[in-house]
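Quick note on the working numbering: the sequence shown kicks off at 35 and runs consecutively.
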Amino acid sequence: AHGGEATPEDLRAAYERNAALHQRLHSVGLLIATLPDSATGEALIAHAGHAPSLHEAVAMASPGAPVTAERVSFPGAPERWSAYRETFLQMNPHECMGPFRDARGWRVVQLVAKDQRAIPIDQLAPEIYQSLQREAEEIRRDRDFQAKTEALRREFRPEVHPGRLRALPWPVPGAENPPG
Numbered sequence: 035a036h037g038g039e040a041t042p043e044d045l046r047a048a049y050e051r052n053a054a055l056h057q058r059l060h061s062v063g064l065l066i067a068t069l070p071d072s073a074t075g076e077a078l079i080a081h082a083g084h085a086p087s088l089h090e091a092v093a094m095a096s097p098g099a100p101v102t103a104e105r106v107s108f109p110g111a112p113e114r115w116s117a118y119r120e121t122f123l124q125m126n127p128h129e130c131m132g133p134f135r136d137a138r139g140w141r142v143v144q145l146v147a148k149d150q151r152a153i154p155i156d157q158l159a160p161e162i163y164q165s166l167q168r169e170a171e172e173i174r175r176d177r178d179f180q181a182k183t184e185a186l187r188r189e190f191r192p193e194v195h196p197g198r199l200r201a202l203p204w205p206v207p208g209a210e211n212p213p214g
């Protein structure tokens with residue numbers, strides 16, 4: 035007999051296995067340095083990795099360059115930030131991106147903080163939900179297989195003889211290149 039359909043617990047397990055993939059960005063806190071040229075931006079990026087914040091990195095790479103803070107909310111982010119939503123999702127706090135040119139000069143941006151949360155399972159896109167259902171079915175099949183294996187083990191009580199197993203060649207000669 036087969037185990038039937040996946041349970042709600044199986045679906046929840048599939049969802050939790052993939053929680054990192056189902057995130058929604060709500061907001062980010064940024065520090066933005068405005069620089070005279072891209073070379074200064076590259077130097078700033080090099081310092082930013084070991085500086086406590088973008089302020090200190092700017093002091094090393096381009097003393098006196100302005101650094102501003104900005105909080106950006108999603109959805110509804112200004113056009114200049116909306117294109118970076120996926121990038122911000124992938125970034126960790128303290129990471130920098132840039133330099134890139136805009137109307138004010140060359141910019142380097144440091145992600146200071148972000149608010150991202152898992153998308154509730156009932157709000158996932160239909161194709162993602164269907165994928166999770168398929169994974170839940172696989173979880174159910176694995177559970178059924180384990181239960182059947184355990185039942186057979188209890189019923190037949192197999193004996194393992196390590197000495198006999200050690201005498202067997204492994205891998206089996208010729209198994210690496212089967213005919214065909």
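All residues carry an ideal CB built from backbone N, CA and C; glycine is no exception. Note that the coordinates shown come from a computational prediction; the quantities given were computed from them, not determined experimentally.
Burial state of VAL194 (16 or more Cβ within 10 Å): exposed
Neighbourhood of ALA53 by C-beta distance below 7 Å, restricted to the same chain and skipping five residues each side: ALA152
In its own chain, which residues sit with a C-beta less than 6 Å from the C-beta of ALA103, not counting the 5 before and 5 after it? LEU65
For the region 134-147 against the region 66-75, do three or more pairs of beta-carbon atoms, one drawn from each stretch, fall closer than 8 Å, so that the two count as touching? yes
Here's the rule: buried if 16 or more other CB atoms are within 10 angstroms of the residue's CB, otherwise exposed. What is ARG174? buried
Along the chain, where does the beta strand (DSSP E) that runs through VAL62 open and close? 57-69
As assigned by DSSP and simplified to three states, the class of TRP204: coil
Short check: CB of CYS130 to CB of VAL142, under 7 Å? yes
Where THR121 falls: helix, strand or coil (DSSP): helix
Counting along the chain, where does the beta strand (DSSP E) carrying SER107 start and finish? 101-107
When we look at the beta-carbon of GLU39 and count the other beta-carbons within 10 Å, is it buried (16 or more) or exposed? exposed
Over the uninterrupted alpha helix (DSSP H) stretch that includes GLY2, give me the two end residues. Because the chain spans 35 through 214 in this model, residue 2 falls outside it and cannot be assessed.
Given TRP140, which residues of its chain have a CB within under 8 Å of its CB, disregarding the five upstream and five downstream residues? THR68, LEU69, PRO70, ASP71, SER72, THR74, GLY75, GLY132, PRO133, PHE134
Give me, in chain order, the residues of the same chain whose beta-carbon lies closer than 8 Å to that of THR183; leave out the 5 immediate sequence neighbours on both sides. none
Taking all protein chains shown into account, do 16 or more other C-beta atoms lie within 10 angstroms of the C-beta of PHE190, making it buried, or fewer, making it exposed? exposed
Going by DSSP in three states, ALA53 sits in which element: helix, strand or coil? helix
Tell me whether VAL92 is buried or exposed, calling it buried when 16 or more other Cβ atoms sit within 10 Å of its Cβ. buried
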